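Participant: Okay, here's the structure, questions in a sec.
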Amino acid sequence: MKLYTGDLSPYSAKVRMQIYAMGIRDDFEFDLPIALFFSGRFRQLSPIGRIPALEVQEGIIPESEVIAEYLDDLYPDRAMVGKTPFERANVRVLSRIADTYLMNNIFMSLGQLDPNSRSQAIVDLLMGQVKRGMGALEQHIGEDAYAAGASLTRADCTIVPALFLCESSVPRLGVSNPIEGHPKVTAYWARIKQNPHAAKIIEEMLRGLKARMDGSEKKMVEEALTNAKQT
Ligand SMILES: N[C@@H](CCC(=O)N[C@@H](CS)C(=O)NCC(=O)O)C(=O)O
Numbered sequence: 021m022k023l024y025t026g027d028l029s030p031y032s033a034k035v036r037m038q039i040y041a042m043g044i045r046d047d048f049e050f051d052l053p054i055a056l057f058f059s060g061r062f063r064q065l066s067p068i069g070r071i072p073a074l075e076v077q078e079g080i081i082p083e084s085e086v087i088a089e090y091l092d093d094l095y096p097d098r099a100m101v102g103k104t105p106f107e108r109a110n111v112r113v114l115s116r117i118a119d120t121y122l123m124n125n126i127f128m129s130l131g132q133l134d135p136n137s138r139s140q141a142i143v144d145l146l147m148g149q150v151k152r153g154m155g156a157l158e159q160h161i162g163e164d165a166y167a168a169g170a171s172l173t174r175a176d177c178t179i180v181p182a183l184f185l186c187e188s189s190v191p192r193l194g195v196s197n198p199i200e201g202h203p204k205v206t207a208y209w210a211r212i213k214q215n216p217h218a219a220k221i222i223e224e225m226l227r228g229l230k231a232r233m234d235g236s237e238k239k240m241v242e243e244a245l246t247n248a249k250q251t
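Numbering-wise, the sequence shown is residues 21 to 251 according to this note's numbering.
If you want it as structure tokens, here you go:
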């Protein structure tokens with residue numbers, strides 16, 4: 021199977037963390053679709069045009085949450101969604117809070133990073149939603165080793181990239197890190213960074229952030245587009 025993925029993409033990071041945690045990395049090729057992405061050809065492959073997308077024998081599967089469910093279906097003995105119906109509901113709720121209420125709103129606000137062209141109204145609207153989502157996460161998150169209890173689940177795979185964005189991207193909008201003032205989430209974030217799969221994802225996202233900030237990502241895109249034009 022081929023996973024279209026990018027280091028800094030939080031939705032891709034969520035799926036990669038699940039793959040690492042399930043111990044199924046050897047079953048996947050990871051592809052960073054820079055040329056496809058920036059030449060507009062990725063939409064021919066996956067109409068939603070976003071990463072992650074998983075290419076399997078029967079076709080293409082977009083949307084991180086759908087891919088996550090598919091992986092659990094494909095490897096039921098390694099599934100990461102909990103055992104009882106209530107545990108499974110709790111894992112899905114936590115994952116949904118991190119995806120819909122944190123990651124989506126932060127991701128949409130990234131167009132406002134430049135203070136010279138920033139619309140403060142957009143930042144206020146989206147950050148208000150993030151603050152509310154963080155309040156909900158504080159109520160739902162567990163105080164055991166992991167977000168939904170004593171084992172690593174898909175909830176952790178979504179929460180880790182979401183909290184990475186809270187810590188690394190939100191302050192660049194002139195807004196303080198929304199984790200602050202939430203003791204359960206703060207304690208969780210310190211704990212989960214010790215987990216090797218979470219640490220690997222954080223390292224990959226930091227690598228992606230460095231490439232974005234130091235201009236090497238831009239250079240890679242330009243080179244990929246030039247090569248794509250020549251072929
Ligand atoms: N709901 C989607 C969101 C995926 C998404 O927005 N991915 C970003 C990268 S993190 C992307 O591909 N953006 C390209 C675009 O917006 O055209 C998911 O969960 O997979």
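Just so it is clear, CB atoms sit at the ideal spot from N, CA and C, and this is done for glycine as well.
Model, not experiment: these values are computed from the prediction.
Any heavy atom of ligand 1 closer than 7 Å to the Cβ of residue 112?
Facilitator: Sequence index remark: in the sequence shown, residue 112 carries index 92 (1-based). Incorrect: residue 112 has no Cβ contact closer than 7 Å to ligand 1.
Participant: Taking 7 Å as the cut-off, does the CB of residue 303 come closer than this to any heavy atom belonging to ligand 1?
Facilitator: The chain is shown from 21 up to 251; residue 303 falls before or after that span and cannot be answered.
Participant: Alpha carbon to alpha carbon, how far is residue 89 from residue 41?
Facilitator: Locating residue 89 in the sequence shown gives position 69, counting from the first residue. Locating residue 41 in the sequence shown gives position 21, counting from the first residue. Approximately 14 Å between the Cα atoms of the pair.
Participant: Cβ of residue 127 within 7 Å of any heavy atom in ligand 1?
Facilitator: Residue 127 sits at position 107 when you count from the first residue of the sequence shown. The answer is yes for residue 127.
Participant: Here's the rule: buried if 16 or more other CB atoms are within 10 angstroms of the residue's CB, otherwise exposed. What is residue 55?
Facilitator: As a working note, residue 55 is residue 35 in the sequence shown. Burial call: buried.
Participant: Across which residues does DSSP place residue 51 in a beta bridge pair?
Facilitator: On the sequence shown, residue 51 is found 31 positions in, with the first residue counted as 1. Residue 51 is bridged to 24.
Participant: Check whether the Cβ of residue 131 sits closer than 7 Å to any heavy atom of ligand 1, and report yes or no.
Facilitator: One-based indexing of the sequence shown puts residue 131 at position 111. Not so, every heavy atom of ligand 1 lies at least 7 Å from the Cβ.
Participant: Tell me which same chain residues have a C-beta within less than 7 Å of the C-beta of residue 219, skipping the five on either side of it?
Facilitator: As a position in the sequence shown, residue 219 is number 199, starting the count at 1. Hits under 7 Å: 213.
Participant: How big is the Cα-Cα spacing for residue 198 and residue 44?
Facilitator: Translated into positions along the sequence shown, residue 198 becomes position 178. Translated into positions along the sequence shown, residue 44 becomes position 24. Straight-line Cα distance between these residues: approximately 33 Å.
Participant: Going by CA-CA distance only, name the one from 131, 113, 140 and 184 that's closest to residue 206.
Facilitator: Residue mapping note: residue 206 aligns to position 186 of the sequence shown, counting from 1. Residue 206 has its Cα closest to that of 184, out of 131, 113, 140 and 184.
Participant: Look at the Cβ atom of residue 99, then the Cβ atom of residue 157, and state whether they are nearer than 8 Å.
Facilitator: Translated into the one-based positions of the sequence shown, residue 99 becomes position 79. Translated into the one-based positions of the sequence shown, residue 157 becomes position 137. Cβ atoms of residue 99 and residue 157: not closer than 8 Å.
Participant: DSSP state of residue 195, grouped into three classes?
Facilitator: If you number the sequence shown from 1, residue 195 lands on position 175. Coil, per DSSP.
Participant: Nearest-angstrom Cα distance between residue 167 and residue 65?
Facilitator: What you label residue 167 is simply residue 147 of the sequence shown in a count that begins at 1. What you label residue 65 is simply residue 45 of the sequence shown in a count that begins at 1. Going by the C-alpha atoms only, they are around 35 Å apart.
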